[in-house]
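Asker: So that you can map any letter, position 63 of the sequence shown is 63 in full-length UniProt numbering, and since no number is skipped, the others follow by simple counting.
Glycine residues also receive a C-beta, built at the ideal position from the N, C-alpha and C atoms.
One structure coming up, written as structure tokens, with questions to follow.
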Amino acid sequence: MKELLRSTDPVRISRVLGLLGAEGIMAFEMDQHMSVLEGSIGILPRRIMVASRDEFMARAILRDAGLDD
């Protein structure tokens, strides 16, 4: 597994997961339940992970959508 992106923005994470899913790339969201430790204020970033073999294509998809920063 490779880390594709790290963000605290739930809308961006949802958009990325939607784009990758539409292209048939399985993505896994990590750290989504860490908000329990922080008091649900959203300061800890969540990570989007993809299989190593899908990393190149996933990064290209995010770059094309303008979500690669």
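Closer than 8 Å by C-beta to K2: which residues in its own chain qualify, once you throw out the five before and the five after it? Chain order, please.
Answerer: In the same chain as K2, and ignoring 5 residues on each side of it, the C-beta atoms closer than 8 Å to its own belong to M49, V50, A51, S52, E55, in chain order.
Asker: Quick one: Cα of A60 to Cα of V16, how far?
Answerer: 12 Å
Asker: What are the partner residues of E23, as DSSP defines its beta bridges?
Answerer: According to DSSP, E23 bridges with nothing at all.
Asker: Between which two residues does the alpha helix (DSSP H) containing L62 stretch?
Answerer: 55-65
Asker: Inspect the beta-carbon positions of I13 and E23 and report whether they are closer than 8 Å.
Answerer: no
Asker: For a test of the three-state rule: what should DSSP assign to L44, helix, strand or coil?
Answerer: coil
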